[in-house]
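What follows is a set of notes on a single structure, which appears directly below.
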Amino acid sequence: MPPTYPKDRFDHLPHSLDRVGAHRAPGKKGRHWVAFWWALGATAVLIGLGVFGMASLSNKLNIAIPGLSSSSATDTATDAATAVPTAVATVDPSLTVTVLNGTKGTGVAKAAGEVLSAAGWTVGALSNASTEDVTKTTVYYADATLEGAARGVAASFPGSTVLLASDFATSGADLTVVVGADFVSSTTPTS
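With the numbering used here applied, the sequence shown corresponds to residues 52 to 242, in that order.
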């Protein structure tokens with residue numbers, strides 16, 4: 052059995068003292084987490100500095116801080132002032148319109164051509180498009196000056212779109228309509 056020694060002043064440590072002689076006071080609870088939190092904070096700061104540094108070097112990241120947006124009312128006013136106005140829809144009988152059926156139905160191009168003729172357009176060729184899965188009727192025009200006329204043709208087909216493209220520039224017609232599944236006419240046969 053080990054010998055027992057009488058207690059002396061070093062065996063009783065007051066809590067207010069960190070050290071008495073060769074004895075140390077017990078460590079504070081949670082003290083080992085301090086290093087973890089410092090490391091986590093330093094990591095977050097370094098990542099933030101890295102992102103900010105890369106953004107300023109490449110100038111491709113758009114960092115928006117809530118409440119401090121870079122766009123202002125003057126920017127949107129400038130954008131609205133520089134917007135290109137759309138052309139007014141016109142009807143010009145001197146222009147020829149080719150009508151192509153982009154659906155599986157039969158007689159669709161003829162029915163669409165009759166709609167255009169009734170609106171005052173000169174209808175050229177009536178044919179089938181190279182595909183039968185067109186969903187939306189589109190009016191193609193190759194010259195930017197024909198936008199008003201293209202919008203005039205599109206007015207005959209509610210819900211149709213107008214597209215400046217050179218897809219049908221070699222067809223010989225000024226405008227080309229590719230009729231989609233959205234075309235509804237009383238003379239269109241159902242299949």
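From the three backbone atoms N, C-alpha and C, an ideal C-beta is built for every residue, glycine too.
Which residue marks the beginning of the alpha helix (DSSP H) containing residue i, and which one marks its end?
i: residue 168; result: 159–169
i: residue 258; result: Look at the range of the chain in this structure, 52 to 242, and you will see that residue 258 is not part of it.
Applying the criterion that 16 or more other CB atoms from any shown protein chain within 10 Å of the CB defines a buried residue, is residue i buried or exposed?
i: residue 223; result: exposed
i: residue 157; result: exposed
i: residue 192; result: buried
i: residue 172; result: buried
i: residue 228; result: buried
i: residue 97; result: exposed
i: residue 91; result: exposed
i: residue 125; result: With a pLDDT of only 49 at residue 125, under 50, the local geometry of the prediction cannot be trusted, and the value read off the model is given with reservation. By the 10 Å Cβ count, residue 125 comes out exposed.
Look at residue i and residue j and say whether their C-beta atoms are less than 8 Å apart.
i: residue 205; j: residue 177; result: no
i: residue 233; j: residue 188; result: yes
i: residue 226; j: residue 139; result: no
i: residue 150; j: residue 174; result: yes
i: residue 162; j: residue 207; result: no
i: residue 183; j: residue 154; result: yes
i: residue 146; j: residue 200; result: yes
Nearest CA to the CA of residue i: which residue from the options?
i: residue 210; options: 230, 53 and 196; result: 230
i: residue 216; options: 181, 190, 59 and 56; result: 190
i: residue 202; options: 137, 83 and 96; result: 137
i: residue 219; options: 194, 200 and 141; result: 194
i: residue 196; options: 141, 181 and 179; result: 141
What residue range does the beta strand (DSSP E) around residue i cover?
i: residue 215; result: 212–215
i: residue 175; result: 173–179
i: residue 227; result: 226–230
i: residue 56; result: Unbroken run through residue 56: none, as it is neither H nor E.
i: residue 189; result: 189–192
i: residue 148; result: 147–152
Ignore the nearest five residues each way along the sequence and tell me which others in residue i's own chain have a CB closer than 6 Å to its CB.
i: residue 169; result: none
i: residue 214; result: 189 and 191
For the ligand SAM, is there any heavy atom lying closer than 7 Å to the beta carbon of residue i?
i: residue 83; result: Of the ligands one can find in the structure shown there are none, so the ligand SAM has no counterpart to examine.
Ordered along the chain, which non-local residues of its own chain (more than five positions away) have a Cβ less than 7 Å from that of residue i?
i: residue 164; result: 150, 174 and 177
i: residue 180; result: 151, 152, 153 and 229
Give me, in chain order, the residues of the same chain whose beta-carbon lies closer than 8 Å to that of residue i; leave out the 5 immediate sequence neighbours on both sides.
i: residue 212; result: 187, 188, 189, 190 and 205
i: residue 93; result: none
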